[in-house]
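Reviewing the structure listed below.
In the UniProt record's numbering, the protein residues as written are 1 to 1048.
Below, the structure is given as structure tokens:
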């Protein structure tokens, strides 16, 4: 049998309440046709209406189905705590959808059942204050909103809904945000008080007086929020409005009208009695005896001792770590007790009179200690054990974390007292790897920023503290990539919404995120065997602290780096590292700050003493690194102090003996020149701090490139060595693998001026390979097709200059390449060639299509011929065509001649362009064209005088032959006009570019071009007169394979 589901056939789909429904059954095959059962009666009433009896036989046949005597009833109850079913309340909550009914909705609210209102208390209050604020310029709804607010406060005061009091308090403290509500509430209340004797006002005023406590709480909170936003603006007006309100209340209280009696009685009930002004002396014993169990002093002492005891128990691990059940039971008791004590703190020690700073401070430290204890870190357990703990006890970290958050927000005006001391504990809590806990507690940082900003107009204390604590926490193993992302996202969202913290807050967040990136990298490789990666990350961190001027953190990482260098015998780099610390000090008697003496071995009271000790140690390391020139330079500075400031001749004599030895070492000791290597790390498989970057490394003594490469590949065993030295493409950079590129580079620097005369190579050799920041690499590049007869015919040299971030040697044996330069002369040649091609292309376009617009041609020509616009090629002349440059770079002679040739050839290009411009220019632009012609004439005279004249026709034809291969009538005309010398020059051009890749497969076209040039040129043809062809023509014809019988 099949039980048929209830089918609701009514279009309105109304729910069926307590109706009797029958059960019908049929064979499975018959149920395939829905019409067999959809028309059957579903209820007892429908059955009787169709003439069937609902009683009697146990079964009744209805067509192919049988109705059983069994039946069932359906009862439906709809209940929601989010969606109200009350039409009047719903109309108020969605008041924006129909503002015309707003007045009616406000009046109807006071007729809604109280239970429905308190269920949606926050939403209702938000709606009321939104109505008030969005109609701030109008007083239309102020009285109605005030009456509605009084109605709600009256509901909460009712015994039936008294348990909603904390909800209302919480709303005022945390969720209420109407900054201008105080003006409206004060004004309406004063209006009611002033009209207390009028008919119809007394009842509403009576209700308002009963709600006076909470009305004033809303007024005060609104004004506090306004002050935080607008810096106490309008304080005098606010005080005056309150003064006028109190005067009105006084006048009402002094009234003798019978109508105000009940109101005055109500007002007296909420008044506060005057405090006794004179203390009554009595002994302490009697005071203690008279204290009740709820006395603040007794409770404070009890809580203080309990917090300390709990913290000690948590820190000492009473039970062994593997006693999981006992530890969890203990933590469960702790959690329950701490939550109870938190309620006591809120009730008795939160107001201004009874606030206990130390008590609250102890609470926060206890709660954070509980949250961060080892036994609650569930991620350290196996998945099975973690699941059991969560199932039985839940994540107690999340529970106490949410409580800490709420307690922090409850502090209100007292928050500033906990900044910056509480930054560290809160940071420690947010670093716990629990996502929901992090999302709930990271916003506390923004609240701290706000508190300090409102107090001091900055948040420097908070910023300094969080950076210091973050360094220690991340180094200690806390924090991860997810935390960095959440920190960035959550705080940026909060900062961007704040009027005054949007810019400074975003800068701060980006700063902390950058620090986290470096600290996480540093922690990742901290215990790595690869010391070089460790050094790189250390330098990244110390450079960051130098950038933000955190001197104590900067020095801390300098010494970490120095220790790493000493472990690797990098004494030169250790010396340069300590020198950075020494440069922070003065030769003075100024007291030495604690952070400046971070080593126990330094016993110095003044900065001068500490600098002396550092110099001694640095000189010692330079000596071991054979950097005697650097040691001598520091020794001279130190000797000046010994001789003229300290008058310590004993130290001076010892120092001078060392210097003498250093000079002798320079002359006599052989120092091998270190090689420098460029290393590129490509691919996503490398750590972020070296990924897709190029570094210049200083090799060790006698270290060849092969040995250096082997050492690199040992550090990255999965890396693949690249076989080319050209920069890789994006496919390599974006791949998941590791690719290392390594090649030797040459230091590029000028010797000091004192060495321009003959000096011993032993002395000069040091300056050739040290204090260098620019490195040169030259590689051969083949342009065009390889010539089997002469493989060097089309070989070019590409010279690249690499500029590092810092000079080598330095605090590392390597530095990142910050810029790559191609030879400037080659760049000039390339730029001139591109400019000439651009002019030529545009001229060809205008010759082929006379209808082209003239504006682009105007801009191009004017930008070249008018020196006031672009400056022309004058810069090239100043840079490369001088005797000094020719003397210093004799190898560039051919390139300079090529550049001059390109400059000369630009003139005929420009001439043709200006001719076309003159033909097409409008009368309105004629003055512009004439000025351009005048500028061009001056330029042409200068260039032809200095670099010679060139013929435009032959060069244009050469371009056409090499690039276009289209012989138009115009070109044929040009050919016919060529003189003998011009034809020779054209052949030279074609000959020079005949190996261009564009000519591959175009031999016949090129032959045609040459024939078109040489046919009218009667230099003799081999088959007729017996006169030998011109040598250039003979060589060229042979190359092209043009036989002697070629008809010309």
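C-beta atoms are modelled at their ideal positions from N, C-alpha and C, and glycine is treated no differently.
Please read these numbers as outputs of a predicted model, since none were measured by experiment.
Exposure of residue 505, with buried meaning 16 or more beta-carbon neighbours within 10 Å: Taking the chain shown and counting its residues from 1, the one referred to as residue 505 is at position 505. The residue in question, residue 505, is buried, as its Cβ has 16 or more Cβ neighbours within 10 Å.
Roughly how many whole angstroms lie between the Cα atoms of residue 577 and residue 810? For the purposes of this step, residue 577 is identified with residue 577 of the chain shown, where counting begins at 1. For the purposes of this step, residue 810 is identified with residue 810 of the chain shown, where counting begins at 1. Residue 577 and residue 810: Cα-Cα distance of roughly 8 Å.
In angstroms with no decimal places, state the Cα-to-Cα distance between residue 551 and residue 565. Against the chain shown, residue 551 aligns to sequence position 551. Against the chain shown, residue 565 aligns to sequence position 565. Approximately 21 Å, taken between the alpha carbons.
Are there 16 or more other CB atoms within 10 angstroms of the CB of residue 563, so buried, or fewer, so exposed? One-based indexing of the chain shown puts residue 563 at position 563. Exposed is the call here.
Own chain partners of residue 155 with C-beta closer than 7 Å, once the 5 adjacent residues on each side are dropped: On the chain shown, residue 155 is found 155 positions in, with the first residue counted as 1. For residue 155, where only same-chain residues beyond five positions count, the Cβ hits under 7 Å are 114, 117, 118, 161.
Leaving aside the five residues before and after residue 398 along the sequence, list all residues of the same chain whose C-beta is less than 7 Å from its C-beta, in chain order. Against the chain shown, residue 398 aligns to sequence position 398. Excluding residues within five positions, the ones whose Cβ falls inside 7 Å are 434, 436, 437.
Any 3 or more C-beta pairs closer than 8 Å across the segment 934–942 and the segment 894–901: no
Is it right to say residue 329 is buried, meaning 16 or more other beta carbons lie within 10 angstroms of its own, or is it exposed? Within the chain shown, residue 329 is the residue found at index 329, counting from 1. By the 10 Å Cβ count, residue 329 comes out exposed.
Just tell me which of 206, 192, 558 has its CA closest to the CA of residue 248. Numbered from 1 along the chain shown, position 248 holds the residue referred to as residue 248. Of 206, 192, 558, the residue nearest in Cα terms is 192.
Residue 858 to residue 817, Cα distance in whole Å? Within the chain shown, residue 858 is the residue found at index 858, counting from 1. Within the chain shown, residue 817 is the residue found at index 817, counting from 1. For residue 858 and residue 817, the gap between their C-alpha atoms comes out near 42 Å.
How about residue 429 and residue 468: are their beta carbons less than 8 Å apart? Counting from one through the chain shown, the residue named residue 429 turns up at place 429. Counting from one through the chain shown, the residue named residue 468 turns up at place 468. It is not a contact, given that the beta carbons lie outside the stated cut-off.
Look at the Cβ atom of residue 148, then the Cβ atom of residue 110, and state whether they are nearer than 8 Å. Looking up residue 148 in the chain shown gives position 148. Looking up residue 110 in the chain shown gives position 110. Result yes, Cβ atoms of residue 148 and residue 110 sit closer than 8 Å.
Smallest Cα separation from residue 931: which of 251, 861, 317? Taking the first residue of the chain shown as position 1, residue 931 is located at position 931. Of the listed residues, the one whose Cα sits closest to residue 931 is 861.
Who are the Cβ neighbours of residue 546 in its own chain at under 7 Å, not counting the five residues just before and after it? By 1-based counting over the chain shown, the position of residue 546 is 546. Within the same chain, and ignoring the five residues on either side of residue 546 in sequence, the residues whose Cβ sits closer than 7 Å to its Cβ are 554.
Run the CB neighbour count on residue 42, radius 10 Å, all protein chains shown included, and call it buried at 16 or more, exposed below. For the purposes of this step, residue 42 is taken as the residue at position 42 of the chain shown. Under this definition residue 42 is a buried residue.
How many angstroms separate the CA atom of residue 654 from the CA atom of residue 604? Within the chain shown, residue 654 is the residue found at index 654, counting from 1. Within the chain shown, residue 604 is the residue found at index 604, counting from 1. The straight-line gap from Cα to Cα measures roughly 21 Å.
From residue 886 to residue 771, what distance separates their C-alpha atoms? Counting from one through the chain shown, the residue named residue 886 turns up at place 886. Counting from one through the chain shown, the residue named residue 771 turns up at place 771. If I take the Cα positions, the gap works out to 27 Å.
Compute the distance between the beta-carbons of residue 509 and residue 491, then report whether it is under 8 Å. The residue labelled residue 509 in the question sits at position 509 within the chain shown. The residue labelled residue 491 in the question sits at position 491 within the chain shown. Going by C-beta atoms, residue 509 is nearer than 8 Å to residue 491.
Give the DSSP-derived three-state secondary structure of residue 605 in the structure shown. Reading the chain shown from its first residue, position 605 is the one you call residue 605. Three-state DSSP puts residue 605 in coil, outside helix and strand.
Is there at least one Cβ from chain D nearer than 8 Å to residue 807's Cβ? Given the protein chain composition of this structure (a single chain), no chain D is represented.
In the DSSP assignment, find the alpha helix (DSSP H) that holds residue 450 and state where it starts and stops. The residue you call residue 450 lines up with position 450 of the chain shown. Start and end: 443–456.
Return the bridge partner residues of residue 819 from the DSSP annotation. As a working mapping, residue 819 is identified with position 819 in the chain shown. Its beta-bridge partners are 803.
Given a cut-off of 8 Å on the beta-carbon distance, is the pair residue 588 and residue 616 in contact? Counting from 1 along the chain shown, the entry for residue 588 is found at position 588. Counting from 1 along the chain shown, the entry for residue 616 is found at position 616. For residue 588 and residue 616, no; Cβs fall outside 8 Å.
Using C-beta distances below 7 Å, list every residue in its chain close to residue 929, excluding the 5 sequence neighbours before and after it, in chain order. Sequence index remark: in the chain shown, residue 929 carries index 929 (1-based). Cβ within range, chain order: 917, 918, 921.
Relative to the C-alpha of residue 169, which residue among 153, 112, 190, 178 is closest? As a first step, residue 169 must be located in the chain shown, where it is residue number 169. Nearest to residue 169 by alpha-carbon distance, out of 153, 112, 190, 178, is 153.
Rounded straight-line distance, which links the Cα of residue 411 to that of residue 271: Working through the chain shown from its first residue, we reach residue 271 at position 271. Working through the chain shown from its first residue, we reach residue 411 at position 411. With a pLDDT of only 48 at residue 271, under the threshold of 50, the placement of this residue in the model should not be trusted, and no figure is reported.
Considering just the uninterrupted stretch of the alpha helix (DSSP H) at residue 91, what are its terminal residues? Numbered from 1 along the chain shown, position 91 holds the residue referred to as residue 91. Segment 87–93, the alpha helix (DSSP H) holding residue 91.
Look at the alpha carbon of residue 128 and the alpha carbon of residue 400, and state the distance between them as a whole number of angstroms. Looking up residue 128 in the chain shown gives position 128. Looking up residue 400 in the chain shown gives position 400. When rounded, the distance between both Cα atoms is 34 Å.
Looking at the unbroken alpha helix (DSSP H) that takes in residue 162, where does it start and where does it end? Counted from its first residue, the chain shown places residue 162 at position 162. Neither: residue 162 is in no alpha helix (DSSP H) and is coded neither H nor E.
Quick one: what's residue 743 bridged to in DSSP? Translated into the one-based positions of the chain shown, residue 743 becomes position 743. DSSP output for residue 743 lists 678 as bridge partner(s).
Starting from the Cα of residue 316, find the closest Cα among 374, 548, 230, 691 and give me that residue. Working through the chain shown from its first residue, we reach residue 316 at position 316. Nearest option by C-alpha distance: 374.
Just grab the DSSP bridge partners of residue 696 for me. The residue given as residue 696 occupies position 696 in the chain shown. Its beta-bridge partners are 678, 815.
Using beta-carbon positions only, say whether residue 776 and residue 803 come within less than 8 Å of one another. To locate residue 776, count along the chain shown from 1; it is residue 776. To locate residue 803, count along the chain shown from 1; it is residue 803. Not closer than 8 Å, so no.
Counting only the same chain and skipping the five closest in sequence on each side, list residues whose C-beta sits under 7 Å from that of residue 702. As a first step, residue 702 is located in the chain shown; it is residue number 702 there, counting from the start. Excluding its 5 nearest sequence neighbours in each direction, residue 702 has C-beta neighbours in its own chain below 7 Å: 672, listed in chain order.
Counted within 10 angstroms of its Cβ, other Cβ atoms place residue 308 as buried (16 or more) or exposed: Residue numbering aside, residue 308 sits at position 308 when the chain shown is read from its first letter. When all chains shown are included, residue 308 counts as exposed.
Beta-carbon proximity list for residue 424, same chain, < 6 Å, skipping 5 on both sides: Stepping through the chain shown from its first residue, residue 424 is reached at position 424. Once the five neighbours on either side are set aside, the close Cβ partners of residue 424 are 469.
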